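Taken in order, these protein sequences are the chains called B and U. Position in the first sequence (from 1) plus 4 gives the number in the numbering used here. Position in the second sequence (from 1) plus 2 gives the number in the numbering used here. The beta carbon of each residue, even a glycine, is placed where N, CA and C say it ideally should be. Remember, predicted model here, so these are calculated numbers, not experimental data.
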Amino acid sequence: MTALSAFFQYPFLARAMVVGILVSLCAALLGVSLVLKRYSMIGDGLSHVGFGALAFALATGWAPMAVAIPVVIIAAFLLLRLSESGKIRGDAAIGLISSSALAGGVIIISLDSGMNADVNGYLFGSILAMSNSDVILSVLLSIIVLTLFLLFYRQLFAITFDEAFARATGIQAEAFHMLIALLTALTIVIGMRVMGAMLISSLVIFPPLTAMRVCRSFKGVVVVSAVVSVVCLIGGLIASFSFDTPAGASVVLVNLAVFLLFAFAGRWLSPNME
Amino acid sequence: MPLIQCENLTMSYENRNAVENVSFSIEPGDYLCIVGENGSGKSTLLKGLLGLMRPKNGKILFGDGLTQTSIGYLPQQTVVQRDFPASVQEVVISGCLHQKGFGPFYKPSQRTAANAAMEKLNITSLRKKSYRALSGGQQQRVLLARALCATDKLLLLDEPVTGLDPVVTSDLYALLKQLNQEGVAIVMVSHDINCSIHNARKILHMNTGVLFFGSVEAYRKSALCEKFLGRDAH
Numbered sequence: 005m006t007a008l009s010a011f012f013q014y015p016f017l018a019r020a021m022v023v024g025i026l027v028s029l030c031a032a033l034l035g036v037s038l039v040l041k042r043y044s045m046i047g048d049g050l051s052h053v054g055f056g057a058l059a060f061a062l063a064t065g066w067a068p069m070a071v072a073i074p075v076v077i078i079a080a081f082l083l084l085r086l087s088e089s090g091k092i093r094g095d096a097a098i099g100l101i102s103s104s105a106l107a108g109g110v111i112i113i114s115l116d117s118g119m120n121a122d123v124n125g126y127l128f129g130s131i132l133a134m135s136n137s138d139v140i141l142s143v144l145l146s147i148i149v150l151t152l153f154l155l156f157y158r159q160l161f162a163i164t165f166d167e168a169f170a171r172a173t174g175i176q177a178e179a180f181h182m183l184i185a186l187l188t189a190l191t192i193v194i195g196m197r198v199m200g201a202m203l204i205s206s207l208v209i210f211p212p213l214t215a216m217r218v219c220r221s222f223k224g225v226v227v228v229s230a231v232v233s234v235v236c237l238i239g240g241l242i243a244s245f246s247f248d249t250p251a252g253a254s255v256v257l258v259n260l261a262v263f264l265l266f267a268f269a270g271r272w273l274s275p276n277m278e
Numbered sequence: 003m004p005l006i007q008c009e010n011l012t013m014s015y016e017n018r019n020a021v022e023n024v025s026f027s028i029e030p031g032d033y034l035c036i037v038g039e040n041g042s043g044k045s046t047l048l049k050g051l052l053g054l055m056r057p058k059n060g061k062i063l064f065g066d067g068l069t070q071t072s073i074g075y076l077p078q079q080t081v082v083q084r085d086f087p088a089s090v091q092e093v094v095i096s097g098c099l100h101q102k103g104f105g106p107f108y109k110p111s112q113r114t115a116a117n118a119a120m121e122k123l124n125i126t127s128l129r130k131k132s133y134r135a136l137s138g139g140q141q142q143r144v145l146l147a148r149a150l151c152a153t154d155k156l157l158l159l160d161e162p163v164t165g166l167d168p169v170v171t172s173d174l175y176a177l178l179k180q181l182n183q184e185g186v187a188i189v190m191v192s193h194d195i196n197c198s199i200h201n202a203r204k205i206l207h208m209n210t211g212v213l214f215f216g217s218v219e220a221y222r223k224s225a226l227c228e229k230f231l232g233r234d235a236h
């Protein structure tokens with residue numbers, strides 16, 4: 005309870021909580037489609053690119069978001085193009101881009117100042133990093149993601165389940181892929197400061213996988229995934245504050261615990277699943 | 003008036019023609035099998051009919067109230083679908099998406115159409131079950147019900163019996179025959195030449211161009227059929 009009341013006393017905690025909840029909600033919704041389409045590593049690739057961009061911004065003194073957002077959006081389109089053109093396989097393309105960006109980021113930082121605490125925060129998450137403009141950005145992002153998700157829910161289902169059929173009924177699948185990549189890029193950049201560049205992709209991957217342990221329908225997966233994601237984030241941030249552990253890492257461990265719980269529950273319920 | 007009329011259709015990847023100068027038509031109530039070896043352009047032709055790929059030359063005309071987006075398409079199953087968490091009902095009703103509309107919910111008329119399709123294919127009792135928990139034959143029925151939501155004129159099936167056991171395969175053929183008798187035209191791409199000449203009424207034999215297009219009876223008498231069947235037996 006003391007941890008909870010602290011969230012109302014310290015504005016930086018309240019900011020981290022608001023940004024975290026909204027980002028985790030968006031990531032979970034986008035994640036359902038990404039995970040089912042086998043694109044979940046795009047999140048990982050983009051976060052590493054985001055780290056590279058932030059390092060560059062730190063070194064040059066430019067505004068971090070102003071650098072990171074466009075760079076990550078471009079990377080998202082590039083990754084999608086690469087994996088669709090088929091010249092380099094999608095997972096390999098992501099490996100190339102993400103390790104290069106990470107390496108670039110680390111080199112820039114080590115040339116600039118040497119590894120310091122700030123970098124630790126960028127890599128593994130910090131609840132201290134949120135500014136008021138981050139809060140505004142995350143509110144805007146979540147309004148956009150939620151609106152689009154509700155508007156295009158049925159089309160999204162069709163594309164995720166069976167792209168060939170969806171395209172045959174006249175749905176513009178490429179446009180949807182672009183949209184999902186764009187929104188994922190934004191979610192990752194905004195969430196990266198709380199969760200850390202190394203760990204933000206867990207917000208995309210864990211909740212849908214957890215929900216899939218127990219849900220039979222797509223709607224069920226979407227709803228449970230969103231709820232699980234937000235609950236785990238709140239739990240993780242409270243733990244982070246109470247035990248003074250890195251925010252992103254705490255959220256990931258809470259997610260892992262819930263995943264295991266659901267996996268066991270799924271096993272136990274499995275006769276009813278058939 | 004034919005449902006689909008292809009006139010001198012040529013389709014190509016980069017500079018290689020996969021489909022060359024193909025002309026044929028699909029009449030209402032037809033049962034047409036498109037046969038040919040791997041790489042003979044069957045799948046490419048299908049993509050052209052569905053509007054997934056643009057023809058290089060020639061025309062595809064739609065008639066008798068059919069539009070390109072109201073073809074009932076049954077694609078080959080993908081890896082993604084095998085463990086996909088979706089209820090049978092969700093999959094079937096997604097066939098109604100060619101009717102424009104936004105928002106997370108389907109219209110009552112679309113729900114009625116989905117229920118009728120499930121009833122027709124005898125899968126109403128499975129409606130709440132998860133797609134991934136079904137057998138291969140049941141999954142194929144679900145996808146067929148979805149295709150029926152999209153059309154009442156033309157079903158287009160891409161190798162529909164791949165991976166099904168013989169009993170389920172003959173069930174599927176019986177089902178298609180029944181749908182055909184109810185007035186739905188059926189176009190099927192198939193490797194299985196034996197089943198094709200037993201079930202279909204027309205054959206389109208392709209090898210980039212058209213080798214044969216006509217009735218099954220005429221095809222049986224052709225040297226082409228003998229050669230194809232003979233080689234099949236080995």
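Item: Cβ of GLU39 of chain U within 8 angstroms of any chain B Cβ; Value: no
Item: Beta-carbon neighbours of VAL225 of chain B, restricted to chain U and to distances below 9 angstroms; Value: PRO87 and ALA88
Item: Helix, strand or coil at GLU278 of chain B according to DSSP, with G and I counted as helix; Value: Since pLDDT at GLU278 of chain B reaches only 42, below the 50 mark, its modelled position is unreliable, and no value is offered.
Item: Separation of LEU206 of chain U from VAL37 of chain U, as counted between CA atoms; Value: 6 angstroms
Item: Identity of the residues DSSP links to ALA187 of chain U by a beta bridge; Value: U:LEU156
Item: Start-to-end residues for the beta strand (DSSP E) that takes in PHE107 of chain U; Value: Neither: PHE107 of chain U is in no beta strand (DSSP E) and is coded neither H nor E.
Item: Partner residues on chain B for GLY216 of chain U, Cβ-Cβ distance less than 8 angstroms; Value: By Cβ distance, chain B contributes nothing, its closest Cβ being about 27 angstroms from GLY216 of chain U, past 8 angstroms.
Item: Span separating the alpha-carbon of PHE161 of chain B from that of LEU157 of chain U; Value: 22 angstroms
Item: Where HIS100 of chain U meets chain B, residues with beta-carbon distance less than 8 angstroms; Value: THR173 and GLY174
Item: Where the alpha helix (DSSP H) through SER1 of chain U begins and ends; Value: Residue 1 of chain U is absent from the structure shown; chain U starts at 3 and stops at 236.
Item: Between the CA atoms of ALA61 of chain B and MET202 of chain B - distance to the nearest angstrom; Value: 18 angstroms
Item: 8 angstroms Cβ shell around TYR221 of chain U - same chain, five flanking residues per side excluded; Value: ILE199, ILE205, HIS207, PHE214 and CYS227
Item: The ligand HEM heavy atom lying under 7 angstroms from the CB of LEU178 of chain U; Value: This structure simply doesn't include the ligand HEM, nor any ligand for that matter.
Item: Residue range of the unbroken beta strand (DSSP E) whose run includes MET208 of chain U; Value: 204–209
Item: Endpoints, beta strand (DSSP E) assigned at ALA20 of chain U; Value: 18–28
Item: Neighbour flag for ILE85 of chain B against chain U, beta carbons, 8 angstroms; Value: In the sequence as presented, Ile is not what sits at residue 85 of chain B; that position holds Arg. No, ARG85 of chain B lies away from the interface with chain U (no Cβ there is under 8 angstroms from its Cβ).
Item: Reference MET13 of chain U, options U:SER45, U:ASN182, U:LEU136 and U:LEU5, closest by Cα; Value: U:SER45
Item: Residue burial classification, PHE263 of chain B (beta-carbon count within 10 angstroms, cutoff 16); Value: buried
Item: Complete runs of the beta strand (DSSP E) confined to the segment 33–88 of chain U [at least 3 residues]; Value: 33–37, 59–64 and 74–76
Item: Within 8 angstroms of chain U by C-beta, residues of the segment 140–153 of chain B in sequence order; Value: none
Item: Identified DSSP bridge partners for TYR157 of chain B; Value: Per DSSP, none; premise fails for TYR157 of chain B.
Item: Contact set between SER206 of chain B and chain U, taken where Cβ atoms lie within less than 8 angstroms; Value: The premise fails here: SER206 of chain B is roughly 20 angstroms from chain U at the closest Cβ pair, so nothing lies under 8 angstroms.
Item: GLU9 of chain U - containing alpha helix (DSSP H), residue span; Value: Not the alpha helix (DSSP H): GLU9 of chain U falls in the beta strand (DSSP E), residues 6–15.
Item: VAL212 of chain U - partner residues in DSSP beta bridges; Value: U:MET208
Item: Strand pairing of SER233 of chain B, partner residues [DSSP]; Value: Its beta-bridge partners do not exist; DSSP assigns none.
Item: Min CB distance SER221 of chain B to chain U below 8 angstroms; Value: yes
Item: Within chain U, partners of ALA162 of chain B - CB distance below 8 angstroms; Value: SER96 and LEU99
Item: Interface flag, ILE36 of chain U vs chain B, CB-CB below 8 angstroms; Value: no
Item: Completely contained alpha helix (DSSP H) runs for the segment 147–208 of chain B, where each covers 4 or more residues; Value: 157–165, 167–172 and 177–199
Item: SER51 of chain B beta carbon less than 8 angstroms from that of ILE184 of chain B; Value: no
Item: For SER244 of chain B, three-class secondary structure by DSSP; Value: helix
Item: For SER130 of chain B, three-class secondary structure by DSSP; Value: coil
Item: Short Cβ contact (8 angstroms threshold) for LEU83 of chain B with ILE25 of chain B; Value: no
Item: Whole-number beta carbon distance between GLN142 of chain U and LEU174 of chain U, since they are thought to touch under 8 angstroms; Value: 6 angstroms
Item: Anticipated Cβ contact below 8 angstroms, VAL173 of chain B with HIS100 of chain U, distance rounded; Value: A quick correction: the sequence has Thr, not Val, at residue 173 of chain B. Correct: roughly 4 angstroms between the Cβ atoms.
Item: GLU22 of chain U vs THR210 of chain U beta-carbon contact at 8 angstroms; Value: yes
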